[in-house]
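Visitor:
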Amino acid sequence: MDGGQLLPNWVLFGQLLRRLGIAVTARQIEAVIEALGHLDLGRRDDVKVAARAILVHRRSQQALFDRAFDRFWRAENAGLQPPVALGRAAGRAPRRR
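For what it's worth, my numbering labels the leading residue of the sequence shown as 12, then goes sequentially.
(1) With distances taken Cα to Cα, identify the nearest neighbour of S71 among L52, L31, F24.
(2) Give me the Cα-Cα distance between T36 and R69, rounded to the nearest whole angstrom.
(3) Quick one: grab the DSSP three-state call for W84.
(4) Just the C-alpha distance for R63 and R38, rounded to the nearest angstrom, thanks.
(5) When the distance is taken between beta carbons, is I40 closer than 7 Å to G25?
(6) So, using beta-carbon positions, are L50 and V58 closer together than 7 Å?
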């Protein structure tokens, strides 16, 4: 993953989670970015587990997080890649606030 796109993509992912009903704060996104500095980004499952541990606090939301993560972060070349445009990944245009 391009390091320059890391923060913007995680911010978009946080916005998606909020729209899905998972309360995510800017501080949590910062914590994910910090944690990623200690992980091999090519190990998708490690990234997913670390992000879930930081962003999800209700067991009932874990499956929703997993589906959102898998859809948003498409696996190509054995590593995390920037998502397709958020609207296309979700099958609709992104909502503007």
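Beta carbons are placed, not taken as given, at the ideal position from N, Cα and C, and that holds for glycine.
Guide: This is what the structure gives:
(1) Reading the sequence shown from its first residue, position 60 is the one you call residue 71. Residue L31 holds the alpha-carbon nearest to the alpha-carbon of S71 among L52, L31, F24.
(2) Start at 1 with the first residue of the sequence shown, and residue 36 comes out as number 25. Start at 1 with the first residue of the sequence shown, and residue 69 comes out as number 58. Going from the Cα of T36 to the Cα of R69 covers about 15 Å.
(3) Here the question's residue 84 lines up with position 73 in the sequence shown. Coil at W84, not helix or strand.
(4) Here residue 63 refers to the residue found at position 52 when the sequence shown is read from its first residue. Here residue 38 refers to the residue found at position 27 when the sequence shown is read from its first residue. C-alpha separation (whole angstroms): 14 Å.
(5) The residue given as residue 25 occupies position 14 in the sequence shown. The residue given as residue 40 occupies position 29 in the sequence shown. Their beta carbons are under 7 Å apart, which means G25 touches I40 by this criterion.
(6) Locating residue 50 in the sequence shown gives position 39, where the first residue counts as 1. Locating residue 58 in the sequence shown gives position 47, where the first residue counts as 1. Cβ atoms of L50 and V58: closer than 7 Å.
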